[in-house]
Amino acid sequence: MKTPMDAIQFGKWMSERRRKRGWSSQRALVEMVRQDPSLKEARISEDFVARLEAGRLAYPFRGRVRQQLFALAWLLCTTPREVQAYLQAASLRELSTEETELVQRLYDHVSVQSTNSIELLPARPQRLLGREPLVQELLSQLCTLKHGVCSLTGMPGVGKSALASEVVHRLASGGHQHSFHHGIITLSCKGRRGTQGLLSLLHEIIDILSPSQESRVQGQSDASMIFLLDRVETHLASVIDQVRMLLMDKNILFLLDDLDAQFPLRSALDALLGSSQHSALHSTMQHRNAARHVVLTTSRHIPSPALINYHHHVQPLLHTDACELFNSLIGSAAGFVYPQQEQAVARIFRALGYLPLAIELVANAVAVRGIPVDLLAPNLAFDPFHPLLDSTGELFELFEQAFSNIGHEQHEHFALLTLLGPQAFSLEDAAALFWRERWEEENTTASRVSLPPPGRRITTALEPSRTFTRDKNPLQERVRLDKELDNTYVPFQTLTSTALELGYLVNDSLLECVASERQEQQDSKQQYILHPILYAYARSCAQQLPQAYLDAVWSNFQAYVAHTSRQRLLY
């Protein structure tokens, strides 16, 4: 830069530099400054940035303005060459001893950032509709968290991994690159269970952070020892220490995608978050070089609150977002979804519970296979896994995998929940359904449960033999009675075992807890509800149970309802 700038020229240069670094507005830059603990003392306001870019500050800069420009350099410079250009443009010459040390640390910072940054990112989702507020909240939390965990959980197919992928891509681009200047590492944890799964993950991290051939050979040699049971614990401790040493003074983010319920997350965090660091200098700006380790996880399994700093349970889409996703997927070439068919589309979305993966399958059926929405709607209202939608079995297989670790009896009990209907139910309702003892059946008439035959053959949704109905539903007949039944009607031991089973399903995002419809006098009780697709899966599982067994369970539950009704009328 041969000719010196004036205030207006520098303001234009700063504005261009800001936009190049990904901040489209002055407010966005100031928000990033406020989120950075090491820059708060600079007190950079939106008004200051506006005056600076408008050329209204005295040039060359002096005093506090000069210190604020040094602070902005940590955000606006990513290479040594950019630091040099910034200092020349701002005419930051004749540095004091403190300023010289600060500039040297800035050079060290960008040198490390430009040479040792690791970016192992997943594929970025092409469409992520309806998630922007959650994305912004996650970005804010991850950028301000020094050490800790942010967890994304939710039912199968809700889009946890897609959401996490979008977040890490934004952190790696735009105005967030400085947040984790040593890198972002994405690791798939699918199938990693127990100590062996943890060791395989830690060895992979060691290979990434120490890519030399020697370290890889050593890692492979160490990995062979995990099968020696008497040395597993000692080996694990050694590997954890090795990971801690590699992470010393690192500023890094890990995305652990698709964690298994049996993965030892506590031990993994002991390695990833428990590392040490060199003694920090007293300068405020030196905090930017201090170790900063953040972990973002996705899983169906909800981790213990003691292990995480932030938890987001990802919900299905809202109706408007589901419609926008569907329309963007089918594109203009598939313009045969007319306004008069919107009612059928809405019916499809309700049947699928607005699950993003299911909506993608609907778009594929309509736009690729040419299936009319008017035909899809009645079939999916009957069976969300109908081959018209799930021709390859992808959706059904996803839920089969989700229940693969559940025991036979618990799987059977889950199937029985379909007898309670798609509405919310109480703990006592489920316990009464699971109880094997007989209730008094005086003055009761058992109605037979009518289930579709087993199998997933292609049929029309209007075929009478395939409808899932009950002649009389006691749960609907007792609307006028108090649905919040007294727990004394079911044995305490049965309530306890049922709570354990339902708790497992809730913990694995296969069942939702909801507030009771009654909120009077703080007397509301917790209830549970199945997502429409989970309800459909439970129904498909119930089809595999013997009809005589289902009839016996339903008859016993009817007797329970009659018994509790009589008892309540007596008091």
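Under the UniProt record's numbering, think of the first position of the sequence shown as 1, with each following residue one higher.
All C-beta atoms in this analysis are idealised placements derived from N, C-alpha and C, irrespective of residue type, glycine included.
Every value quoted in this text rests on a predicted model; they were computed, and no experiment measured them.
* **Length at least 4, wholly inside the segment 63–127: the alpha helix (DSSP H) runs in chain order** => Considered as a whole, the segment 63–127 harbours 63–76, 80–89, 97–116 as its complete alpha helix (DSSP H) runs of no fewer than 4 residues, in chain order.
* Asked: Taking the continuous alpha helix (DSSP H) assigned at S161, which residues delimit it?
  -> Residues 160–171.
* To do: List the DSSP bridge partners of G183.
  => Beta-bridge pairing links G183 to I118, I252.
* **At least 3 beta-carbon pairs within less than 8 Å: the segment 85–98 vs the segment 121–133** => Between the segment 85–98 and the segment 121–133, the count of C-beta pairs closer than 8 Å stays below three; the two stretches do not touch.
* **Paired residues, beta bridge with V514 - DSSP** => Answer is Q527, bridged to V514.
* At least 3 beta-carbon pairs within less than 8 Å: the segment 258–266 vs the segment 296–311 -> Output reads yes: the segment 296–311 touches the segment 258–266.
* **Residue environment, F61, which counts as buried when at least 16 other CB atoms sit within 10 Å** => Around the C-beta of F61, 16 or more other C-beta atoms lie within 10 Å, and the residue is accordingly described as buried.
* Count the other CB atoms within 10 Å of the CB of C513; is the residue buried (16 or more) or exposed (fewer)? -> Around the beta carbon of C513, a 10 Å sphere encloses fewer than 16 other beta carbons of the protein chains shown; the residue is thus reported as exposed.
* Asked: To which residues of the same chain is T444 closer than 7 Å at the C-beta, ignoring the five residues directly before and after it?
  -> In this predicted model, T444 has a pLDDT of only 42, less than 50, meaning its place in the structure is not dependable enough to derive any value.
* In three-state terms, what does DSSP make of S391? -> Residue state, collapsed to three classes: coil.
* To do: Write down every uninterrupted run of the beta strand (DSSP E) in the segment 285–362 whose length is 3 residues or greater and which is fully enclosed by it, in chain order.
  => For the segment 285–362, whole beta strand (DSSP E) runs of length 3 or above, ordered along the chain, are 292–299, 310–313.
* Asked: From which residue to which residue does the alpha helix (DSSP H) around G194 run?
  -> Here the alpha helix (DSSP H) through G194 covers 194–209.
* Asked: Going straight from the alpha carbon of K20 to that of L317, what length do you get?
  -> Separation of K20 and L317 (C-alpha to C-alpha, rounded to the nearest whole angstrom) is 34 Å.
* Are three or more beta carbon pairs between the segment 364–374 and the segment 400–412 nearer than 8 Å? -> No: the two stretches stay apart, fewer than three of their Cβ pairs being nearer than 8 Å.
* **G503 (DSSP reduced to helix, strand or coil)** => Reduced to three states, the DSSP call for G503 is helix.
* Asked: N405 to L357, Cα distance in whole Å?
  -> Approximately 22 Å, taken between the alpha carbons.
* Note the first and the last residue of the continuous alpha helix (DSSP H) segment covering L152. => First-last for L152: 147–153, but that is the beta strand (DSSP E), not the alpha helix (DSSP H).
* Asked: Helix, strand or coil for D36 per DSSP?
  -> Coil, per DSSP.
* **Whole-angstrom distance between Y549 and Y528, CA atom to CA atom** => Distance between the alpha carbons of Y528 and Y549 is about 24 Å.
* Which term fits R369, buried or exposed, when burial requires 16 or more other beta carbons within 10 angstroms of its beta carbon? -> When all chains shown are included, R369 counts as exposed.
* To do: Return the Cβ separation of F414 and L505 in integer angstroms, given the expectation that the two are a contact with Cβ distance under 8 Å.
  => Correct: roughly 7 Å between the Cβ atoms.
* To do: Drop a sphere of 10 angstroms on the beta-carbon of L120, count the other beta-carbons inside from all chains shown, and report buried for 16 or more, exposed for fewer.
  => Burial is judged here by how many other beta carbons sit within 10 angstroms of a residue's own beta carbon; L120 has fewer than 16 and is exposed.
* Asked: In chain order, what residues of the same chain lie with their CB nearer than 7 Å to the CB of P156, ignoring the 5 residues before and after it?
  -> Counting only Cβ-Cβ distances below 7 Å, and skipping sequence neighbours, we find R300, L398, F399, A402.
* Asked: Okay, do the segment 41–52 and the segment 17–33 touch, 3+ Cβ pairs below 8 Å being the bar?
  -> They touch, by the three-pair rule.
* Where does Q68 land, buried or exposed, given buried means 16+ other C-beta within 10 angstroms? -> Looking at its Cβ environment, which holds 16 or more other Cβ atoms inside 10 Å, Q68 is buried.
* Asked: So, are the CB atoms of F385 and S540 less than 8 Å apart?
  -> Less than 8 Å divides the Cβ of F385 from the Cβ of S540.
* Between the beta-carbon of F10 and the beta-carbon of A90, is there less than 8 Å? -> The answer is yes: Cβ separation under 8 Å.
* V49 - containing alpha helix (DSSP H), residue span -> Note, V49: alpha helix (DSSP H), 46–53.
* Is F425 helix, strand or coil by DSSP? -> F425: strand per DSSP, three-state reduction.
* To do: Give every residue of the same chain whose Cβ lies closer than 8 Å to the Cβ of G191, excluding the five residues on either side of it in the sequence, and list them in chain order.
  => Only residues of its own chain outside the window of five on either side were considered, and among them G197, D260 have a CB closer than 8 Å to the CB of G191, listed in chain order.
* **Separation of R124 from E82, as counted between CA atoms** => Going by the C-alpha atoms only, they are around 29 Å apart.
* **Residue range of the alpha helix (DSSP H) that includes E16** => It spans 7–20 - the alpha helix (DSSP H) in which E16 sits, taken as one unbroken run.
* Asked: To the nearest angstrom, how far is it from the Cα of H319 to the Cα of E166?
  -> Rounded to the nearest angstrom, the two C-alpha atoms are 22 Å apart.
* Confirm, please, whether the CB-CB distance from L92 to R18 is below 8 Å. => In this structure, R18 lies away from L92, with their beta-carbon atoms at least 8 Å apart.
* To which residues of the same chain is I458 closer than 7 Å at the C-beta, ignoring the five residues directly before and after it? -> Since pLDDT at I458 reaches only 33, below the 50 mark, its modelled position is unreliable, and the value read off the structure follows with that caveat. The residues P387, in chain order, have a CB closer than 7 Å to that of I458 in the same chain once the five nearest residues on each side in sequence are set aside.
* Please work out which residues of its chain come closer than 8 Å, Cβ to Cβ, to L270, disregarding the five sequence neighbours upstream and downstream, and give them in chain order. => A quick correction: the sequence has Asp, not Leu, at residue 270. Counting only Cβ-Cβ distances below 8 Å, and skipping sequence neighbours, we find I240.
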